[in-house]
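FYI, the numbering for the sequence shown is 108 to 373, going by the working numbering.
All residues carry an ideal CB built from backbone N, CA and C; glycine is no exception.
All values reported here derive from a predicted model rather than from experimental measurement.
These notes concern the structure reproduced below.
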Amino acid sequence: MARVLAVANQKGGVGKTTSCVNLAASLAAMKQRVLLVDMDPQGNATMGSGIDKHAVEHSIYDVLVHRVPVLQVVQRVPEGGFDVLPANSDLTAAEVELLEIDHRERRLRTALQEISEQYDYILVDCPPSLNMLTLNGLVAATGVLIAMQCEYFALEGLSALVGTINRVAETVNPELGIEGILRTMYDPRNSLTNEVSAQLHSHFGDAVYRTVVPRNVRLAEAPSHGVPAMYYDRLSRGSKAYMALAGEIIRREEKRHHNPAAPVAG
Numbered sequence: 108m109a110r111v112l113a114v115a116n117q118k119g120g121v122g123k124t125t126s127c128v129n130l131a132a133s134l135a136a137m138k139q140r141v142l143l144v145d146m147d148p149q150g151n152a153t154m155g156s157g158i159d160k161h162a163v164e165h166s167i168y169d170v171l172v173h174r175v176p177v178l179q180v181v182q183r184v185p186e187g188g189f190d191v192l193p194a195n196s197d198l199t200a201a202e203v204e205l206l207e208i209d210h211r212e213r214r215l216r217t218a219l220q221e222i223s224e225q226y227d228y229i230l231v232d233c234p235p236s237l238n239m240l241t242l243n244g245l246v247a248a249t250g251v252l253i254a255m256q257c258e259y260f261a262l263e264g265l266s267a268l269v270g271t272i273n274r275v276a277e278t279v280n281p282e283l284g285i286e287g288i289l290r291t292m293y294d295p296r297n298s299l300t301n302e303v304s305a306q307l308h309s310h311f312g313d314a315v316y317r318t319v320v321p322r323n324v325r326l327a328e329a330p331s332h333g334v335p336a337m338y339y340d341r342l343s344r345g346s347k348a349y350m351a352l353a354g355e356i357i358r359r360e361e362k363r364h365h366n367p368a369a370p371v372a373g
């Protein structure tokens, strides 16, 4: 049964999609079976994985609205070793069309249940807003990976996101919780970065990943080449960070399996 992680933040520009693509590639490099679900109408995770969002015959829109089976839509990433459920601008229409459908918030969950045994990890790249697409991602997930910058306003956004996660857990997905908090675009020379980081540790403890993702030019350049950073420059600090994160996530999962009652951090 796959571990389904919704990668979310209601604030844009925090490295959420970058984290999805590079974590998918890193987990795949560690011999994990990975599916990346692009739930953002911008289709950046799709393009960043090397798939032309304009050329796909079917997209996640068809899965959500028309119930096209996932396996008819999945695209294999040639270099990345993982699969992608692609998205494009068609997905914008899904937000409106889903409002007319029964159990609209469960559409993604239902679709992924059919193929859950075929993957170890399913990563859902949620759009940077709280809408029906994000709600579908949260309802489908077994945990939320929060990507965030260590800056002042990020804490306010984090508080709102935690409130959303709690409400979803109380109403439609009782197994949902925070899988981990990933600090992105991290610069330890910045005093505010260190202050916010300390506050995160104080409030969330072991939920904060030990791995931090530094500001890195290679991470920013890789999407324009349509490949994850590790295939663009595997020796870059960004690539190494996501490999470290993948290892940390796998260790947490192994610890969870060996002792379900124990804390999963580290």
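To the nearest angstrom, how far is the alpha carbon of residue i from that of residue j?
{"i": "Phe189", "j": "Met154", "result": "14 Å"}
{"i": "Arg296", "j": "Asp159", "result": "38 Å"}
{"i": "Arg358", "j": "Arg290", "result": "18 Å"}
{"i": "Pro281", "j": "Met239", "result": "18 Å"}
{"i": "Arg325", "j": "Ile208", "result": "42 Å"}
{"i": "Ser309", "j": "Val303", "result": "10 Å"}
{"i": "Glu361", "j": "Gly120", "result": "31 Å"}
{"i": "Glu263", "j": "Gly284", "result": "19 Å"}
{"i": "Glu164", "j": "Val180", "result": "8 Å"}
{"i": "Thr217", "j": "Ala329", "result": "33 Å"}
{"i": "Ile272", "j": "Glu212", "result": "14 Å"}
{"i": "Leu230", "j": "Asn151", "result": "14 Å"}
{"i": "Asn301", "j": "Ser331", "result": "31 Å"}
{"i": "Gly162", "j": "Ala200", "result": "The question names Gly, but residue 162 in the sequence shown is Ala. Near 18 Å, if we compare the C-alpha coordinates of Ala200 and Ala162."}
{"i": "Val279", "j": "Asn243", "result": "10 Å"}
{"i": "Leu245", "j": "Ala113", "result": "6 Å"}
{"i": "Ala267", "j": "Leu307", "result": "15 Å"}
{"i": "Val269", "j": "Val334", "result": "32 Å"}
{"i": "Cys257", "j": "Val191", "result": "29 Å"}
{"i": "Gly345", "j": "Ala336", "result": "7 Å"}
{"i": "Phe311", "j": "Gly187", "result": "32 Å"}
{"i": "Arg183", "j": "Cys233", "result": "20 Å"}
{"i": "Ala254", "j": "Ala327", "result": "16 Å"}
{"i": "Val371", "j": "Ile356", "result": "Reliability fails at Val371, whose pLDDT of 46 lies under 50, so the model's placement of it is uncertain and no value is given."}
{"i": "Ala247", "j": "Asp340", "result": "33 Å"}
With DSSP as the reference, identify every bridge partner of residue i, one or two as the case may be.
{"i": "Ala113", "result": "Val231, Val251"}
{"i": "Arg290", "result": "Met255, Val319"}
{"i": "Ile285", "result": "Val251"}
{"i": "Gln182", "result": "Val191"}
{"i": "Asp145", "result": "Asp232"}
Between residue i and residue j, which are expected to be in contact by the criterion C-beta below 8 Å, what is the C-beta distance as a whole number of angstroms?
{"i": "Pro193", "j": "Gln117", "result": "Not a contact, Cβ separation roughly 23 Å."}
{"i": "Leu171", "j": "Leu352", "result": "Actually they are not in contact, since the Cβ atoms of Leu171 and Leu352 sit about 28 Å apart, beyond 8 Å."}
{"i": "Tyr338", "j": "Val320", "result": "Tyr338 to Val320, Cβ: 17 Å. No contact."}
{"i": "Met108", "j": "Glu286", "result": "No, Met108 and Glu286 are not in contact; Cβ-Cβ is about 15 Å, not under 8 Å."}
{"i": "Tyr226", "j": "Arg140", "result": "5 Å"}
{"i": "Val128", "j": "Leu143", "result": "7 Å"}
{"i": "Ile288", "j": "Ala314", "result": "6 Å"}
Under a Cβ-count criterion, where at least 16 other Cβ atoms within 10 Å of its own Cβ denotes burial, should residue i be classed as buried or exposed?
{"i": "Leu265", "result": "buried"}
{"i": "Tyr259", "result": "exposed"}
{"i": "Gly250", "result": "buried"}
{"i": "Arg274", "result": "exposed"}
{"i": "Ser126", "result": "buried"}
{"i": "Lys123", "result": "buried"}
{"i": "Met350", "result": "buried"}
{"i": "Asp169", "result": "buried"}
{"i": "Gly157", "result": "buried"}
{"i": "Val203", "result": "exposed"}
{"i": "Pro185", "result": "exposed"}
{"i": "Glu277", "result": "exposed"}
{"i": "Ser166", "result": "buried"}
{"i": "Leu342", "result": "exposed"}
{"i": "Asn323", "result": "buried"}
{"i": "Ser298", "result": "exposed"}
{"i": "Leu206", "result": "exposed"}
{"i": "Arg214", "result": "buried"}
{"i": "Glu221", "result": "exposed"}
{"i": "Asp145", "result": "buried"}
{"i": "Arg174", "result": "exposed"}
{"i": "Ser133", "result": "buried"}
{"i": "Asn366", "result": "exposed"}
{"i": "Pro148", "result": "buried"}
{"i": "Leu178", "result": "exposed"}
{"i": "Ala348", "result": "buried"}
Can you give, in chain order, each stretch of the alpha helix (DSSP H) that sits fully within the region 122-178 and has at least 4 residues?
-> 123-136, 151-155, 167-173
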